[in-house]
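Report on the structure given below.
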Amino acid sequence: MADEIKKLSSQLAQDPDSLVFLRLGELLRLKGQFDAAHRVAVTGLERHPHLADAHDLYARILADKHDYERAFDEWDMALRVAPTHVGALKGLAFLYFKIGDVEQAAAHLEAAQRAAPDDPGVAQALALARGGHAAPPAPLAPVEESPAPAAQPLDEARVFAGLEGAEEGLLLLDASGRVLGGALKNSQGQDVTDAVAAYLAGVSQEAARTTKLLGLGKWTGVAAEGRLGHVHLTAPTGDALLLVVRDRAVPMGRLAIIAQRAAGAARRWLEAHG
Amino acid sequence: MTATAGYGQALDLITRVGGVRGAMLVSAEDGIVVAEQLMEGIKGTAVAALAASLSTRLRRAMEAAGVGASLFWHLQAEQGALLVVPTPNGILVVAVAEPDVNVGLVRLELLRAAEVVG
Chain U
2 MADEIKKLSS QLAQDPDSLV FLRLGELLRL KGQFDAAHRV AVTGLERHPH LADAHDLYAR
62 ILADKHDYER AFDEWDMALR VAPTHVGALK GLAFLYFKIG DVEQAAAHLE AAQRAAPDDP
122 GVAQALALAR GGHAAPPAPL APVEESPAPA AQPLDEARVF AGLEGAEEGL LLLDASGRVL
182 GGALKNSQGQ DVTDAVAAYL AGVSQEAART TKLLGLGKWT GVAAEGRLGH VHLTAPTGDA
242 LLLVVRDRAV PMGRLAIIAQ RAAGAARRWL EAHG
Chain Y
115 MTATAGYGQA LDLITRVGGV RGAMLVSAED GIVVAEQLME GIKGTAVAAL AASLSTRLRR
175 AMEAAGVGAS LFWHLQAEQG ALLVVPTPNG ILVVAVAEPD VNVGLVRLEL LRAAEVVG
C-alpha cells in the first residue's frame, strides 16, 4: 500500500487535476492517515467541486474523524450531485443508525440496494436494519468505532443541511434565544453562536410589537448593514428567529434570498420536530 | 444654524421622499424622541422606545457576530417598514415608510440626515 501511495502522490504532483486523488485519499484513509487524507480530499474537492465521489471520499474521512455533522453535509451534497450514489446512500444510512433513526437508515439502504443490487454490504446492512438491530456494521470506516455521538448536534446540523454557510453563518433560535440549529463563526473562525443568540432573545417579539404599533401588519424581516458584514433576520414560524450572517461582499438582496431558502428549511424542520 | 434647525433640516431630507410617512430622531441610549415629523396617528414615543431597544439588541448581536456595529437597518413588514441609521453620537435617524417605498433612496437620505445631525 505504501508503494501505491507513493506512486499516486507522484502522479498527483505531476497532474494536480487528475482524479487519482480519489484513490490516494482512500488509501491514506484506510491506513489511518486521516490528516493527509483530509488534505488530499479537500484539495481534490477544490478542483472538482461537482464530483460526487469527491464529496463521498471527504465524508468518509470526516466520519472516520468522528466529525459526523460535516460528514452528513458532504454525503448530502454527493446525493444532490448524484442522487443514486451508493457510497453516499450507505454513508447517510450509517449516520442515521448512529442517531437511532432506523427507518431513515433502512430507506437509504433500500435506495442503495436499488442502485447496486449486487452489493453484499448493502444487503447485509439492510438485513440488520430490518431486523431492528441497534447499529449496522460500520460501512466505511476501517478504524475502531468510538461511541455513538449524541443525537442532538447531528439533528441540529440537519436543519440547514446542504445550505451555504450552514455551519458558520446560519442560526435558528426559539423565542428565548435557545439555539435550535445552525452555528455562527466570526471572521477569526471563533464560535460566537451563544453570544449572538443571547443578544437576539426577544427580538422577534419586539419586532412584532413595533410593527403592530405602527399598523404595519406582520413583520417579515430585519436586514442590517454592518461595517464588516450584513445580517438578515426573519421569523420562519411563530416566535422562532432565523439569522443569516455574511460578509459585505454578499449584497443585501442576495442575503434576503439566502434567508428565504433557509427559512423554508427551518419551517420544514420545525414542523417535523413539533 | 441652531441644533433644532439642524434637526428640522435632517428630518426634511427624509420626509420629502415619496412613501415616507414620518421621520424621527431618537436617543439610542434611552429611546426618547429628540425631534419628529410624523403623520397623525403614529405614536412617536412608543415607536422611539421600541426602535432604540431593537437597535441596541441588533448592535450587540452584530458586534458579537464580528460584523461590526450597524450602519443601517430595516424592519420589513407586510404594510410598511421602519428604517434606521444610527449615528456615532448616539442618535437614531428613523423613518416610517409605506410598503412600496424606494428603500435605497430612503437609506441615502437617512445617511445624509445622519451627517447633518452629526
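So the protein sequences, as listed, match chains U and Y. Everything in the first sequence is counted per our numbering, starting at 2 for the first residue and increasing by one. Everything in the second sequence is counted per our numbering, starting at 115 for the first residue and increasing by one. Backbone N, C-alpha and C fix where the C-beta goes; we use that ideal spot for every residue, glycine too. Note that this is a predicted model, so its numbers are computed, not measured.
Item, Value
"Any alpha helix (DSSP H) of 4 or more consecutive residues that is wholly inside the segment 68 to 145 of chain U", "69 to 82, 87 to 99, 103 to 116 and 121 to 131"
"Burial state of Y/Ala119 (16 or more Cβ within 10 Å)", "exposed"
"Under 7 Å by beta carbon: chain Y residues contacting U/Tyr200", "Arg171, Arg174, Ala175 and Ala178"
"Spatial neighbours of U/Thr194 in its chain, beta-carbon cut-off 7 Å, leaving aside the 5 residues before and after", "Leu172, Val180, Ala184 and Leu185"
"Spatial neighbours of U/Pro17 in its chain, beta-carbon cut-off 8 Å, leaving aside the 5 residues before and after", "Thr44 and Arg48"
"Strand pairing of U/Arg247, partner residues [DSSP]", "U/His231"
"Residue interval of the alpha helix (DSSP H) (run including Y/Met176)", "Gly158 to Ala179"
"Buried or exposed by the 16-neighbour rule on C-beta atoms within 10 Å, applied to Y/Gln190", "buried"
"Nearest neighbour of U/Leu217, chosen from Y/Val161, Y/Arg174, Y/Pro202 and Y/Asp144 [CA to CA]", "Y/Val161"
"Simplified DSSP state of Y/Leu225, which is helix, strand or coil", "helix"
"Local conformation of Y/Ala149 per DSSP, three classes", "strand"
"CB contact flag (U/Ala263, U/Leu243, <8 Å)", "yes"
"The alpha helix (DSSP H) enclosing Y/His188, as first and last residue numbers", "Per DSSP, Y/His188 belongs to no alpha helix (DSSP H); it is in the beta strand (DSSP E), Ser184 to Ala191."
"Same chain, Cβ closer than 6 Å to U/Lys66, neighbours up to 5 away in sequence not counted", "Phe35"
"Span separating the alpha-carbon of U/Met78 from that of Y/Leu152", "51 Å"
"Start and end residues, beta strand (DSSP E) containing Y/Leu197", "Gly194 to Pro200"
"Test: Y/Gly55 CB closer than 8 Å to a CB of chain U", "Residue 55 of chain Y lies beyond the stretch modelled for chain Y, which goes from 115 to 232, so this question has no answer here."
"First through last residue of the alpha helix (DSSP H) which encompasses U/Leu171", "No alpha helix (DSSP H) holds U/Leu171; the beta strand (DSSP E) holding it covers Gly170 to Leu174."
"Neighbouring residues, chain Y, relative to U/Leu173 (Cβ below 8 Å)", "Under the 8 Å cutoff, chain Y gives no residues; its nearest Cβ is about 14 Å from U/Leu173."
"Cβ pair Y/Ile156, Y/Gly136 closer than 8 Å", "yes"
"Closest residue to Y/Gly204 among Y/Asp126, Y/Val210, Y/Glu229 and Y/Met176 (Cα-Cα distance)", "Y/Glu229"
"Terminal residues of the beta strand (DSSP E) in which Y/Ser141 lies", "Val134 to Ser141"
"Same chain only: Cβ atoms within 6 Å of U/Trp270, ignoring 5 sequence neighbours per side", "Val160"
"First through last residue of the beta strand (DSSP E) which encompasses Y/Ala211", "Ile205 to Ala211"
"Euclidean distance between Cα positions of Y/Gln193 and U/Ala106", "46 Å"
"Local conformation of U/Glu157 per DSSP, three classes", "Note on U/Glu157: pLDDT 47, under 50, position unreliable in the model; no value is reported."
"Contact set between Y/Val210 and chain U, taken where Cβ atoms lie within less than 7 Å", "Leu215"
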